[in-house]
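**Q** Have a look at the structure that comes next, please.
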Amino acid sequence: MRIRGIPNAVTPAQILRTHGHCFSPETGRPLHERGEARRRTEDPTNMERDGKGFRKSNCSAGTLFLFRQGEQTIRYTMQTLSTQLELARAGQITEQIKIVAQNENLSPELIRSRVAKGEIVIANHPLRPQQKIVGIGTGLRTKVNASIGTSSDICDIDMEVRKAKIAEQEGSDTLMELSAAGDFDAIRQAVLAATNLPVGTVPLYQAFKETTSKYANPGKMDPEYLFDLIEKQLADGISFMAIHCGINQYTIERLRKQGYRYGGLVSKGGTFMVAWMDINGKENPLYEQFDRVCGLMKKYDAILSLGNGIRAGAIHDSHDRAQMAEMIINCELAELGREMGCQMMVEGPGHVPLDEIAGNIMLEKRMSGNAPYYVLGPLPLDSGAGYDHITAAIGAANSSRHGADLVCYITPAEHLALPDENDVREGIRATRLAVRVGDIAKYPDRRENEKAAAMARRDMRWDDLEQHLLFPEIARKLRQERMPEKSDTCTMCGDFCAMKKGTEVFKDDMTGDKICSVL
Ligand code: SF4
1 MRIRGIPNAV TPAQILRTHG HCFSPETGRP LHERGEARRR TEDPTNMERD GKGFRKSNCS
61 AGTLFLFRQG EQTIRYTMQT LSTQLELARA GQITEQIKIV AQNENLSPEL IRSRVAKGEI
121 VIANHPLRPQ QKIVGIGTGL RTKVNASIGT SSDICDIDME VRKAKIAEQE GSDTLMELSA
181 AGDFDAIRQA VLAATNLPVG TVPLYQAFKE TTSKYANPGK MDPEYLFDLI EKQLADGISF
241 MAIHCGINQY TIERLRKQGY RYGGLVSKGG TFMVAWMDIN GKENPLYEQF DRVCGLMKKY
301 DAILSLGNGI RAGAIHDSHD RAQMAEMIIN CELAELGREM GCQMMVEGPG HVPLDEIAGN
361 IMLEKRMSGN APYYVLGPLP LDSGAGYDHI TAAIGAANSS RHGADLVCYI TPAEHLALPD
421 ENDVREGIRA TRLAVRVGDI AKYPDRRENE KAAAMARRDM RWDDLEQHLL FPEIARKLRQ
481 ERMPEKSDTC TMCGDFCAMK KGTEVFKDDM TGDKICSVL
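In full-length UniProt numbering, the protein residues as written are 1 to 519.
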């Protein structure tokens, strides 16, 4: 794939001015050339209106114009400004930007400027008017994603719908429908109908599962079928997609040369794409035709989340050459995608020891130009199965503290079984807790709620305390189940209550703020 520059076959005379992009007259695809065009021409829209014999039709990349120049027919694809990124670059404060600003208590202009730079993305599918608008990126609250979906062993569409509803009730910000068995289209549509959360997918799952069901060979997966699936899922209402564009022959070579991993490969989509490339001896079509992927995402203003197919599945594999090769390519693609007007995120990193999390976030932010970072966990331990929602919460608190923007939950069933409804609930609660821990370290000026909670607890204002808790129903239930004899204590210490005694001793010193505080 040629990712920069102008193909030799296209002469400067054929490059026309568009809204920031030039398109090849031969292929109709963007040339990734921004800025000044080589030669100006009249606006073709006006030409058509003036009846000068120019023809216009629609194609997947935008509006296609064909017109004559001398003896030559010129093909000119003009894309309208349609994505949040393009509109923000044009200086527009969209309704979606206003909603994000209101939700985050930040100024619309600040949000616009960060969307324009690609530091914030907004999940907003144009065909789902009830969809919750969610901003992800620099300066915003760290968001939580819950992943659901069937497997070949447990395939129950009703359970997936229930999980989707639980995810929304429990305060997940986004949802990924990651089914790997059953009627993919029906499950996706049922989940979309069950929730207002932005829903994401990994289209490679459906492509490879349906191919192997038919041919018993993932190498038979037809790239054209994959591109059709991407468009079909987007048309259904999918707001973001994890697409494994960053795996290429260079990445695989790094993996082979360093020796296979202790933790193997753990990304389903990534591993099957590696297998496809190995069987066919070809380059990854998602890398080779990256501009086509971006064109499809732009059509629905969907967020392209660059999948982490070579993520580490063991802390001893963290930051090896193969993982870094994919990260470098993904960061490069994030920049190219933004240049094409596509909203971009980068994914990573899998299993990472605690002391490497800060470095991992810094590398992603530095190399991608602050593209929003969507992290999976990360898991800082390999031996916590059964409690990996807590292992991951430790990683999530650290990653959000250092700048991660969206955290995918891990459930207690991780590495062991398909999550059930209760696992989904527990996973979301653990992750919400973790990112709040991370956020109050990331944004020290956003600790007022913690202060209010602490003072309500000190003063035994139990009802007030609930207003400041992440899980007030659970707190209320626990207290009510084990009520103390005296209502101004709890059954933890009873009449040996330190809070009560301290208040008695210092009752004359409780007005105003204390002098030394973290804020
Ligand atoms: S009884 Fe113990 S745990 Fe309960 S409020 Fe008093 S000091 Fe805190």
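We treat Cβ as the ideally placed atom computed from N, Cα and C, and that holds for glycine.
Does the Cβ of Met273 lie closer than 7 Å to at least one heavy atom of ligand 1?
**A** Counting from one through the sequence shown, the residue named residue 273 turns up at place 273. No - ligand 1 has no heavy atom lying nearer than 7 Å to the Cβ of Met273.
**Q** Quick check: what's the CA-CA separation for Arg39 versus Glu332?
**A** Taking the sequence shown and counting its residues from 1, the one referred to as residue 39 is at position 39. Taking the sequence shown and counting its residues from 1, the one referred to as residue 332 is at position 332. Reliability of the predicted coordinates at Arg39 is poor, the pLDDT of 32 falling under 50, and the value obtained from them is presented with this limitation in mind. C-alpha separation (whole angstroms): 28 Å.
**Q** When the Cα atoms are used, what is the spatial distance from Val134 to Arg429?
**A** What you label residue 134 is simply residue 134 of the sequence shown in a count that begins at 1. What you label residue 429 is simply residue 429 of the sequence shown in a count that begins at 1. Distance between the alpha carbons of Val134 and Arg429 is about 19 Å.
**Q** Can you tell me the Cα-Cα spacing of Leu16 and Glu119, whole angstroms?
**A** By 1-based counting over the sequence shown, the position of residue 16 is 16. By 1-based counting over the sequence shown, the position of residue 119 is 119. Residue confidence for Leu16 is low, a pLDDT of 38 falling below 50, so the modelled location carries little weight; the figure read from the coordinates is stated next. In a straight line, the C-alpha of Leu16 is about 29 Å away from that of Glu119.
**Q** Can you grab the Cα-Cα spacing for the pair Asp153 / Ser179, in whole Å?
**A** Along the sequence shown, one-based indexing puts residue 153 at 153. Along the sequence shown, one-based indexing puts residue 179 at 179. Their backbone Cα atoms lie some 11 Å apart in a straight line.
**Q** Between Lys514 and ligand 1, is there a pair consisting of the residue's CB and a ligand heavy atom that are separated by less than 7 Å?
**A** The count along the sequence shown starts at 1 and reaches residue 514 at position 514. The answer is no for Lys514.
**Q** Determine the direct distance from the alpha carbon of Trp276 to that of Asn103, and round the result to whole angstroms.
**A** The residue given as residue 103 occupies position 103 in the sequence shown. The residue given as residue 276 occupies position 276 in the sequence shown. Cα-Cα distance, rounded: 43 Å.
**Q** Going by CA-CA distance only, name the one from Leu286, Tyr262, Asn280 and Ser239 that's closest to Asp300.
**A** Against the sequence shown, residue 300 aligns to sequence position 300. For the sequence presented, residue 300 should be read as Tyr rather than Asp. Tyr300 has its Cα closest to that of Ser239, out of Leu286, Tyr262, Asn280 and Ser239.
**Q** Identify whether His125 lies in helix, strand or coil by the three-state DSSP scheme.
**A** Your numbering for residue 125 matches position 125 in the sequence shown. Of the three classes helix, strand and coil, the one that applies to His125 here is coil, per DSSP.
**Q** Run the CB neighbour count on Gln169, radius 10 Å, all protein chains shown included, and call it buried at 16 or more, exposed below.
**A** As a position in the sequence shown, residue 169 is number 169, starting the count at 1. The residue in question, Gln169, is exposed, as its Cβ has fewer than 16 Cβ neighbours within 10 Å.
**Q** Curious, which full-length beta strand (DSSP E) runs of at least 3 residues does the stretch 319-354 contain?
**A** The qualifying runs are 343-351.
**Q** Is the stretch 261-268 touching the stretch 306-315, taking contact as three or more C-beta pairs under 8 Å?
**A** Yes: at least three Cβ pairs fall under 8 Å.
**Q** Using the beta carbon as the reference atom, which residues fall closer than 5 Å to any heavy atom of ligand 1, ordered along the chain?
**A** The answer, residue by residue, is Thr489, Cys490, Met492, Cys493, Cys497, Ala498 and Met499.
**Q** Starting from the N-terminal side, write out each stretch of the alpha helix (DSSP H) that is 4 residues or longer and does not extend beyond the stretch 370-402.
**A** Listed in chain order, the complete alpha helix (DSSP H) runs (minimum 4 residues) inside the stretch 370-402 are 388-402.
**Q** Excluding the 5 residues preceding and the 5 following Gln233 in the sequence, name in chain order all residues of the same chain whose CB lies nearer than 8 Å to its CB.
**A** Walking along the sequence shown from the start, residue 233 turns up at place 233. Closer than 8 Å at Cβ, skipping near neighbours: Arg188, Thr201, Pro203, Gln206 and Met241.
**Q** Buried or exposed, going by whether 16 or more other CB atoms sit within 10 Å of the CB of Ala193?
**A** Position 193 of the sequence shown holds residue 193. Classification of Ala193: exposed, given that the 10 Å Cβ count is below 16.
**Q** When burial is assigned at 16 or more other CB atoms within 10 Å of the CB, is Ile136 buried or exposed?
**A** Start at 1 with the first residue of the sequence shown, and residue 136 comes out as number 136. Buried, because 16 or more other Cβ atoms sit within 10 Å of the Cβ of Ile136.
**Q** Is it buried or exposed, Lys52, if we count other Cβ atoms within 10 angstroms and call 16 or more buried?
**A** As a first step, residue 52 must be located in the sequence shown, where it is residue number 52. With a pLDDT of only 43 at Lys52, under the threshold of 50, the placement of this residue in the model should not be trusted; the figure read from the coordinates follows. Counting Cβ neighbours within 10 Å, Lys52 comes out exposed, since fewer than 16 surround it.
**Q** Is there at least one non-hydrogen atom of ligand 2 closer than 7 Å to the beta-carbon of Lys98?
**A** With respect to ligand 2, the structure shown offers nothing to examine, as its ligands consist of ligand 1.
**Q** In chain order, which alpha helix (DSSP H) runs of at least 4 residues are fully inside the stretch 413-456?
**A** The stretch 413-456 contains these whole alpha helix (DSSP H) runs: 421-442.
**Q** With DSSP as the reference, identify every bridge partner of Met176, one or two as the case may be.
**A** As a working note, residue 176 is residue 176 in the sequence shown. Per DSSP, Ser147 and Gly200.
**Q** In the DSSP assignment, what are the bridge partners of Val505?
**A** Taking the sequence shown and counting its residues from 1, the one referred to as residue 505 is at position 505. In the DSSP output, where bridge partners are listed per residue, Val505 has none listed.
**Q** Hey, Asn370 and Thr138 are a contact pair by Cβ (cut 8 Å); roughly how many whole angstroms apart?
**A** On the sequence shown, position 370 is the one that residue 370 refers to. On the sequence shown, position 138 is the one that residue 138 refers to. Between Thr138 and Asn370 the Cβ distance is about 6 Å, and since that is below 8 Å, they are a contact.
**Q** Suppose contacts are defined by Cβ-Cβ distances below 8 Å. Is Gln92 in contact with Ile122 by that definition?
**A** Locating residue 92 in the sequence shown gives position 92, counting from the first residue. Locating residue 122 in the sequence shown gives position 122, counting from the first residue. Contact: no.
**Q** Return yes when the Cβ of Ala396 is within less than 8 Å of the Cβ of Gly427, no when it is not.
**A** In the sequence shown, residue 427 corresponds to position 427, counting from 1. In the sequence shown, residue 396 corresponds to position 396, counting from 1. Going by C-beta atoms, Gly427 is not nearer than 8 Å to Ala396.
**Q** Alpha carbon to alpha carbon, how far is Leu433 from Ile390?
**A** Indexing the sequence shown from 1 puts residue 433 at position 433. Indexing the sequence shown from 1 puts residue 390 at position 390. Roughly 10 Å between the two C-alpha positions.
**Q** In three-state terms, what does DSSP make of Ser213?
**A** Taking the first residue of the sequence shown as position 1, residue 213 is located at position 213. The answer is helix: DSSP assigns Ser213 an H, G or I state.
**Q** Relative to the C-alpha of Val505, which residue among Gln289, Arg447, Lys143 and Arg458 is closest?
**A** As a first step, residue 505 must be located in the sequence shown, where it is residue number 505. Among Gln289, Arg447, Lys143 and Arg458, the Cα nearest to that of Val505 is on Arg458.
**Q** Using CA coordinates, which residue listed in Val115, Ser318 and Pro484 is at the minimum distance from Ala101?
**A** Reading the sequence shown from its first residue, position 101 is the one you call residue 101. Per the Cα distances, Val115.
**Q** Ends of the beta strand (DSSP E) at Ser305?
**A** On the sequence shown, position 305 is the one that residue 305 refers to. It spans Ile303 to Leu306 - the beta strand (DSSP E) in which Ser305 sits, taken as one unbroken run.
**Q** Within the chosen definition, does the stretch 404-423 reach the stretch 458-477 through at least 3 CB pairs nearer than 8 Å?
**A** Counting Cβ pairs under 8 Å, fewer than three are found: no touch.
**Q** So, using beta-carbon positions, are Asp405 and Tyr374 closer together than 8 Å?
**A** Taking the first residue of the sequence shown as position 1, residue 405 is located at position 405. Taking the first residue of the sequence shown as position 1, residue 374 is located at position 374. Cβ distance < 8 Å, so Asp405 and Tyr374 count as in contact.
**Q** Is His402 closer than 8 Å to Ala358 when the C-beta atoms are compared?
**A** As a position in the sequence shown, residue 358 is number 358, starting the count at 1. As a position in the sequence shown, residue 402 is number 402, starting the count at 1. It is a contact, given that the beta carbons lie within the stated cut-off.
**Q** Helix or strand or just coil, what does DSSP make of Leu470?
**A** For the purposes of this step, residue 470 is taken as residue 470 along the sequence shown, with counting starting at 1. In the structure shown, Leu470 sits in coil (DSSP, three-state: anything other than H, G, I, E or B).
**Q** Rounding to the nearest angstrom, what Cα-Cα distance links Thr491 and Asn105 in this structure?
**A** Within the sequence shown, residue 491 is the residue found at index 491, counting from 1. Within the sequence shown, residue 105 is the residue found at index 105, counting from 1. Roughly 39 Å separates the two Cα atoms.
**Q** Distance check for Ser151 and Gly182, CA to CA, integer angstroms please.
**A** For the purposes of this step, residue 182 is identified with residue 182 of the sequence shown, where counting begins at 1. For the purposes of this step, residue 151 is identified with residue 151 of the sequence shown, where counting begins at 1. If you take the alpha carbons of Gly182 and Ser151, they lie about 8 Å apart.
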